[in-house]
Amino acid sequence: MNRLIDIHDFRNIVFFTGAGMSAESGVPTYRGKGGLWKEYRWEEYACRKAFLRNPEKVLRFHEERRRAVYDCLPHVGHRLMADLRDCVVITQNIDGMHQRAGSREVVELHGSLWRVRCPSCGFKKEQVAPQYGSYRCACGSWLRPDIVWFEDMLDESVVDKALKRLSECDLLISIGTSGSVWPAAGFPIRARENGAYCIEINPEPIRGSIYDRVIAEPAGSALAKLFGFSTPGG
Ligand code: OAD
Ligand code: ZN
């Protein structure tokens, strides 16, 4: 069903975003062509076991990710979302792009590339910078990126917040996610079960999709159209 909708008719909008949302800002996705996990094995860089084995290697990898993302800028899609009042962004992205665009409520399911925490004393530090100040905490332990890695549990309070927003929304717009990482992949289903109208934006949509409407286009142009703006050539 591809009925036309006016985004301004909805009261509670949730945007659910994945790596494809940042692709047009120049941030690589994880899977598919040019995906990060094609070049790097997550078992060596993005799990607690890897960090315990070789903290310096894991920190260097994440510092490299910081450098790559630092110069990237939010695109038109991020800005349109930020300009919309009373909406919520639930994101799997760790790049902070929604916040940089000015979105007010951003629920970061997988943590942030810009934050570190100390597994020993609980110290946390947030700093948007291409480098980590230090790999070590003042207490002597290695600092770890405050990211939900493979095999980690999601933060319960963050999940509760996301589920509350999903239960309240009347429109859910999922953008640029392959739907392969759980439990996040199941979140749009919650909105659907609660009666929200659900839209997927993805040039390569998920198979067996639960969505009412699928827009098989890149995030920027699809969002511009949804918001009633046309883009050159679109
Ligand atoms: P993936 O890399 O798995 O999927 C990216 C999706 O974006 C694919 O379905 C692409 O078709 C789509 N895509 C590509 N370019 C796009 C564009 N311009 N506009 C819209 N969509 C586009 O990324 P995620 O689903 O976000 O975990 O991956 C989920 C999690 O796996 C990530 O949060 C990450 C990773 O391991 C952490 O960072 C902790
Ligand atoms: Zn410490």
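For reference, each letter of the sequence shown is one residue, going 0 to 233 in numbering that gives the first Met the number 0. Positions of the beta carbon are idealized from the N, C-alpha and C atoms, including for glycine.
Mapping the DSSP letters down to three states, classify Phe-226 as helix, strand or coil.
Here Phe-226 sits in coil by DSSP.
* Asked: Does DSSP classify Trp-148 as helix, strand or coil?
  -> Here Trp-148 sits in coil by DSSP.
Reduced DSSP secondary structure (H/G/I, E/B, other) of Tyr-39: Tyr-39 falls in the coil class under three-state DSSP.
Quiz item: Is there at least one non-hydrogen atom of the ligand ZN closer than 7 Å to the beta-carbon of Ser-133?
Solution: Because no heavy atom of the ligand ZN lies under 7 Å away, the Cβ of Ser-133 does not count as near it: no.
Whether Phe-9 touches Pro-187 by CB criterion (8 Å):
No, the pair does not count as a contact, with Cβ atoms beyond the cut-off.
Review point. Quick one, are the C-beta atoms of Leu-170 and Gly-76 less than 8 Å apart?
Key: Not closer than 8 Å, so no.
Keeping to the same chain, check which residues put their C-beta closer than 7 Å to that of Ala-184; ignore five residues upstream and five downstream.
Excluding residues within five positions, the ones whose Cβ falls inside 7 Å are Gly-178.
- Given Asn-1, which residues of its chain have a CB within under 6 Å of its CB, disregarding the five upstream and five downstream residues? Because Asn-1 carries a pLDDT of 48, less than 50, the predicted location of this residue cannot be relied on, and the following value inherits that uncertainty. Counting only Cβ-Cβ distances below 6 Å, and skipping sequence neighbours, we find Arg-212.
Exercise. Is DSSP giving Val-127 helix, strand or coil here?
Worked result: Of the three classes helix, strand and coil, the one that applies to Val-127 here is coil, per DSSP.
* Beta-carbon proximity list for Gly-233, same chain, < 6 Å, skipping 5 on both sides -> Residue placement at Gly-233 is flagged as unreliable, the pLDDT there being 46, under the threshold of 50; the coordinate-derived value follows with that caveat. Closer than 6 Å at the Cβ level, and outside the excluded window around Gly-233, lie Ser-220.
Margin query: For His-7 and Ala-195, what's the separation of their Cα atoms in angstroms?
Written below: Near 15 Å, if we compare the C-alpha coordinates of Ala-195 and His-7.
Quick one: what does DSSP say Ile-6 is sitting in, helix, strand or coil?
-> Residue state, collapsed to three classes: helix.
Quick one: what does DSSP say Gly-110 is sitting in, helix, strand or coil? If DSSP states are grouped into helix, strand and coil, Gly-110 belongs with the strands.
Integer-rounded CB distance, given that Glu-125 should sit under 8 Å from Arg-114
Under the criterion of beta carbons closer than 8 Å, Arg-114 and Glu-125 qualify as touching, at roughly 5 Å.
task: Report yes if the C-beta of Tyr-29 is less than 7 Å from at least one heavy atom of the ligand OAD; otherwise report no.
output: Checking the Cβ of Tyr-29 against the ligand OAD gives yes.
Query raised in the report: Could you give the distance in angstroms between the alpha-carbon of Asp-23 and the alpha-carbon of Val-88?
Result: Residue identity check: residue 23 is Glu in the sequence provided, not Asp. Between Glu-23 and Val-88, the C-alpha separation is close to 18 Å.
Exercise for the section: Please write down, chain order preserved, every residue whose beta carbon lies under 6 Å from a heavy atom of the ligand ZN. Expected result: Every residue passing the under-6 Å Cβ criterion appears here: Cys-117, Ser-119, Cys-120, Phe-122, Cys-136, Cys-138 and Ser-140.
Margin query: Is the beta carbon of Pro-202 closer than 8 Å to that of Ala-190?
Written below: At least 8 Å separates the beta-carbon of Ala-190 from that of Pro-202.
_According to DSSP, is Phe-60 part of a helix, a strand, or is it coil?_
Phe-60 sits in a helix when the DSSP states are folded into three classes.
Among the candidates Cys-46, Arg-64, Glu-55 and Phe-50, whose CA atom is the shortest distance from the CA of Pro-27?
Of all alpha-carbon atoms in Cys-46, Arg-64, Glu-55 and Phe-50, the one lying nearest the alpha-carbon of Pro-27 is that of Arg-64.
Requested in this report: Excluding the 5 residues preceding and the 5 following Asn-11 in the sequence, name in chain order all residues of the same chain whose CB lies nearer than 6 Å to its CB.
Outcome: Excluding positions up to five away in sequence, the list reads Glu-167, Cys-168 and Asp-169.
_Within 8 Å, do at least three Cβ pairs link the segment 77-96 to the segment 24-43?_
Yes: the two stretches touch, three or more of their Cβ pairs being nearer than 8 Å.
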